[in-house]
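Residue numbers (my numbering), protein chains in the order written: chain E, 2 to 106; chain L, 9 to 326; chain P, 581 to 964.
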């Protein structure tokens with residue numbers, strides 16, 4: 002992500018109030034240490050447990066349907082893989098090519 | 009009856025807590041936050057005491073919160089919530105809020121901001137009867153400042169200010185029964201829950217939000233760093249707290265005690281102790297008397313709780 | 581139409597609060613602020629004030645609840661003294677940094693220890709650097725008037741800071757004087773509607789308040805807050821001008837009393853200014869060229885206005901009703917900084933700690949250049 006410019010004191014909202022829509026978002030995807038989540042999508046039952054458990058809100062949904070992982074914020078904690086009741090989430094090497102929705106090819 | 013799809017829909021496409029924060033990889037707190045906030049149908053305002061959740065989600069000029077959110081200090085979350093609740097009533101009275109806008113004030117505090125430094129403000133807010141939901145994410149120590157012991161730290165746990173050593177077996181005092189303290193305030197709804205029983209927690213949140221007055225949820229939450237376990241084993245660690253009767257799941261609804269879940273077979277306390285490094289020293293041969301003492305206290309407390317509750321079949325609701 | 585009523589300072593402040601009719605008042609009792617909140621509570625109980633009165637369990641919670649309420653979108657007031665202010669000090673700093681426009685009456689009372697319930701200014705001085713505005717009343721009328729001006733000042737878009745209206749404990753809070761009250765309608769109109777940027781109960785625009793800041797931003801956030809204090813130097817006189825049209829009473833950041841041709845002057849805060857005015861009048865009758873500079877706004881300190889008022893005065897004596905052990909008493913330090921380079925002879929005196937009265941005779945000694953450093957203290961001056 003682009004380097005953020007540090008603002009001057011006159012540019013700051015009173016009291017340090019922050020509006021989420023305008024706030025920058027740190028790239029915590031850089032916290033991963035070599036592994037990222039992937040899914041055998043044909044086996045996903047849309048139970049939504051991974052969505053609930055992800056500490057970084059990094060499970061993307063389309064309505065109530067699993068739609069992939071948000072690698073900008075996923076820290077690679079492996080909790081999604083651990084809670085998946087059908088075992089279709091697997092941690093793979095960072096360089097692994099995956100589909101848009103995190104599916105293994 | 010809570011369903012995950014309902015929680016998804018309650019969010020209306022906007023997660024209350026979004027990614028980009030600096031909570032630890034595998035932190036147990038966001039699960040509690042999401043389960044709580046997304047089980048509430050009305051719009052929410054969140055008050056947050058100083059601690060891991062607050063610090064890691066609001067480093068200026070970023071924020072991970074998509075809902076109105078305020079932090080003031082460590083010990084006063086319940087007082088700040090009281091002010092917001094009073095403001096809501098005042099604005100409602102002079103028609104300054106939309107007529108159909110019911111807002112739920114939710115407070116998140118760790119065990120520090122609830123059991124210890126936050127106890128006074130919480131007690132006052134409960135006694136005054138403000139309508140708000142107070143959620144303690146109890147990970148049993150002051151984690152944000154480096155895993156120091158709190159009034160919630162269990163007997164025998166090693167923390168950085170009650171470390172196990174040649175002359176010490178860890179925390180020498182029993183933990184406070186915070187849930188019992190709150191029950192003594194005679195508020196409409198009090199519950200003990202755990203992050204790994206999400207459905208039970210969600211149902212309790214619904215009851216809490218519907219209560220006509222203060223509601224308190226004490227939610228056992230894991231801290232992989234402070235407890236000493238792999239993040240992905242969180243579910244098993246937290247479940248062992250429940251299965252060993254260390255952390256009973258129950259609620260007190262307008263004074264009536266109800267067990268939420270009864271393990272089919274109680275597990276020995278070693279099952280809870282052996283999965284966390286903070287208890288490892290107790291499992292040495294010298295620790296036997298301490299483990300026995302812990303087991304005895306757990307059994308006594310469970311018996312006391314059973315005596316207060318309505319009878320329930322084994323298994324209950326998960 | 582003007583109503584003149586015999587009211588204590590505390591009752592006058594309570595009347596002002598009733599007329600302002602704030603949305604939320606979170607409050608905890610402490611002598612000598614209690615008459616304010618008790619009278620206000622009875623207004624609420626009788627439906628003449630339409631306020632959510634929250635009887636919190638400590639002053640720390642009072643200011644905490646006040647921040648929550650005011651940032652949520654509710655006009656909020658409270659009151660305290662001494663130990664109550666000390667207990668809420670942490671939150672007072674935070675209220676200023678979060679730009680919460682809370683109005684608080686401060687019944688000035690000595691800080692413990694030993695515990696003492698009488699007047700001095702040590703409580704105000706404890707939070708001198710907190711970033712809140714501090715206005716000092718000389719009597720019950722001023723306490724009433726400043727309380728009415730306070731919400732406009734606190735809520736002004738260039739300010740957005742907590743404003744303290746300071747009135748001497750017992751001397752003002754509990755002493756009855758004739759007070760001219762404004763009509764309720766005039767006050768409502770003057771005070772107007774409450775609005776803050778990023779109000780938390782505005783759900784369409786969620787906002788995050790009370791951030792955690794690292795070294796890369798704390799400094800800038802604090803400087804922005806200081807700028808708000810600086811703005812008061814312009815906003816208060818403007819509001820006072822509006823108030824003067826309404827009431828016929830003029831307020832400034834300072835009050836220069838018979839300073840035009842004065843050769844010797846006293847600088848003072850609070851009710852003592854009233855006593856000094858009496859002594860000034862007597863001495864003037866005797867041909868002495870003396871005067872008084874009363875400081876109304878202690879924070880922000882009006883250094884330029886003070887220096888201008890004291891121009892030409894050869895000898896200035898500052899009376900501090902608070903001490904700073906090991907250092908310079910607070911008002912003396914401000915005046916010294918304001919007068920630096922002016923060539924005036926400057927001396928400082930401490931008086932009145934813990935409610936010790938200051939007598940006209942002692943004030944005469946100050947003007948005569950014969951007063952000890954600690955006025956009225958047994959064992960002073962030493963050695964005899």
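Every residue gets a Cβ at the ideal spot worked out from N, C-alpha and C, and that includes glycine.
So that I know if they touch, is there some Cβ in chain L lying closer than 8 Å to that of residue 727/P? So, not an interface residue.
Any contact between the region 832 to 843 of chain P and the region 878 to 897 of chain P? By contact I mean 3 or more CB pairs, one from each, below 8 Å. Output reads yes: the region 878 to 897 of chain P touches the region 832 to 843 of chain P.
Helix, strand or coil, according to DSSP, for residue 179/L in the structure here? Residue 179/L falls in the coil class under three-state DSSP.
Look at the alpha carbon of residue 766/P and the alpha carbon of residue 642/P, and state the distance between them as a whole number of angstroms. So the two alpha carbons sit approximately 29 Å from each other.
Run through DSSP, which three-state label would residue 23/E get? Of the three classes helix, strand and coil, the one that applies to residue 23/E here is helix, per DSSP.
For residue 929/P versus residue 900/P, is the C-beta distance shorter than 8 Å? With contacts defined by Cβ atoms closer than 8 Å, residue 929/P and residue 900/P form a contacting pair.
Could you name the residues of the same chain whose beta carbon sits closer than 7 Å to that of residue 645/P, not counting the 5 residues immediately before and after it, in chain order? The answer, listed in chain order, is 606, 634 and 636.
Compute the distance between the beta-carbons of residue 268/L and residue 259/L, then report whether it is under 8 Å. Cβ distance < 8 Å, so residue 268/L and residue 259/L count as in contact.
Could you have a look at residue 714/P and say whether DSSP puts it in helix, strand or coil? Residue 714/P: strand per DSSP, three-state reduction.
For residue 76/E, which of helix, strand or coil comes out of DSSP? Three-state result, residue 76/E: coil.
Measuring only the C-alpha atoms, how far is residue 933/P from residue 844/P? In this structure, the CA atom of residue 933/P is about 24 Å from the CA atom of residue 844/P.
Grouping DSSP H, G and I as helix and E and B as strand, with all else coil, what is residue 677/P? In this structure, residue 677/P counts as helix in the three-state DSSP scheme.
How big is the Cα-Cα spacing for residue 615/P and residue 749/P? Near 11 Å, if we compare the C-alpha coordinates of residue 749/P and residue 615/P.
For the beta strand (DSSP E) containing residue 90/E, name the first residue and the last one. Counting along the chain, the unbroken beta strand (DSSP E) around residue 90/E starts and ends at 90 to 94.
Cβ-Cβ separation, residue 138/L to residue 176/L (assumed contact under 8 Å), whole Å: About 41 Å separates the two Cβ atoms, so there is no contact after all.
Where does the unbroken beta strand (DSSP E) through residue 747/P begin, and where does it stop? Here the beta strand (DSSP E) through residue 747/P covers 743 to 748.
Could you list the residues in the region 41 to 66 of chain E with a C-beta less than 9 Å from some C-beta on chain L, going in chain order? Answer in chain order: 47, 48, 49, 50, 52, 53, 54, 55, 56, 57, 58, 59, 62, 64 and 65.
Pairwise C-alpha distance: residue 681/P and residue 735/P: Those two C-alpha atoms are separated by around 5 Å.
Just to make sure I have the definition right: I need the residues of chain L whose C-beta is within less than 9 Å of the C-beta of residue 94/E. Which are they? Simply none; closest approach about 17 Å.
Collapsed DSSP secondary structure at residue 156/L in the structure displayed: Taken through DSSP and simplified to helix, strand or coil, residue 156/L comes out as strand.
Is the region 770 to 786 of chain P in contact with the region 644 to 659 of chain P, if contact means three or more CB pairs nearer than 8 Å? As far as the Cβ criterion goes, the region 770 to 786 of chain P touches the region 644 to 659 of chain P, which means the pair count is three or higher.
Contacting positions in the region 202 to 225 of chain L - beta carbon closer than 7 Å to chain P: Within the region 202 to 225 of chain L, no residue qualifies.
Chain-ordered chain P contacts of residue 66/L [CB-CB under 7 Å]: Those are 788, 791 and 792, listed as they occur along chain P.
Distance, residue 36/E Cα to residue 97/E Cα: If you take the alpha carbons of residue 97/E and residue 36/E, they lie about 9 Å apart.
Residue 240/L in three-state terms, based on DSSP: The three-state secondary structure of residue 240/L, taken from DSSP, is helix.
Between the region 99 to 116 of chain L and the region 187 to 200 of chain L, are three or more C-beta pairs nearer than 8 Å? Touching, no, given that fewer than three Cβ pairs across the two stretches are closer than 8 Å.
Residue 73/E Cβ short of 7 Å to the ligand SAH heavy atom set: No copy of the ligand SAH appears in this structure; indeed no ligand is present at all.
Report yes if the C-beta distance between residue 284/L and residue 245/L is below 8 Å; otherwise report no. Cβ distance < 8 Å, so residue 284/L and residue 245/L count as in contact.
Going along the chain, which residues of the region 746 to 778 of chain P sit with their C-beta nearer than 8 Å to a C-beta in chain E? Here the close residues are 777 and 778.
If we count the other Cβ atoms within 10 Å of its Cβ and call it buried at 16 or more, is residue 586/P buried or exposed? The residue in question, residue 586/P, is exposed, as its Cβ has fewer than 16 Cβ neighbours within 10 Å.
Compile a chain-ordered list of the residues in the region 31 to 52 of chain L whose CB is closer than 9 Å to at least one CB of chain E. Going along the region 31 to 52 of chain L in chain order, one finds 31, 32, 33, 34, 35, 36, 37, 38, 39, 42, 43 and 46 with a Cβ nearer than 9 Å to chain E.
Can you round the beta-carbon distance between residue 710/P and residue 673/P to whole angstroms, since I take them to be within the 8 Å contact cut? Separation of the CB atoms of residue 710/P and residue 673/P is rounded to 5 Å, and the pair is thereby assigned contact status at 8 Å.
Kindly say whether residue 196/L, judged by its beta-carbon, lies nearer than 8 Å to any beta-carbon of chain P. Among the residues facing chain P, residue 196/L is not included, as its CB has no counterpart in that chain under 8 Å away.
Quick check on residue 106/E: buried or exposed, where buried means 16 or more other Cβ atoms within 10 Å of its Cβ? Taking every protein chain shown into account, the CB of residue 106/E has fewer than 16 other CB atoms within 10 angstroms, so this residue is exposed.
Out of curiosity, what's the CA-to-CA distance linking residue 920/P and residue 893/P? Approximately 13 Å between the Cα atoms of the pair.
Where residue 773/P falls, given that 16 or more other Cβ within 10 Å makes a residue buried: If you draw a 10 Å sphere on the C-beta of residue 773/P, you find fewer than 16 other C-beta atoms in it, and that means exposed.
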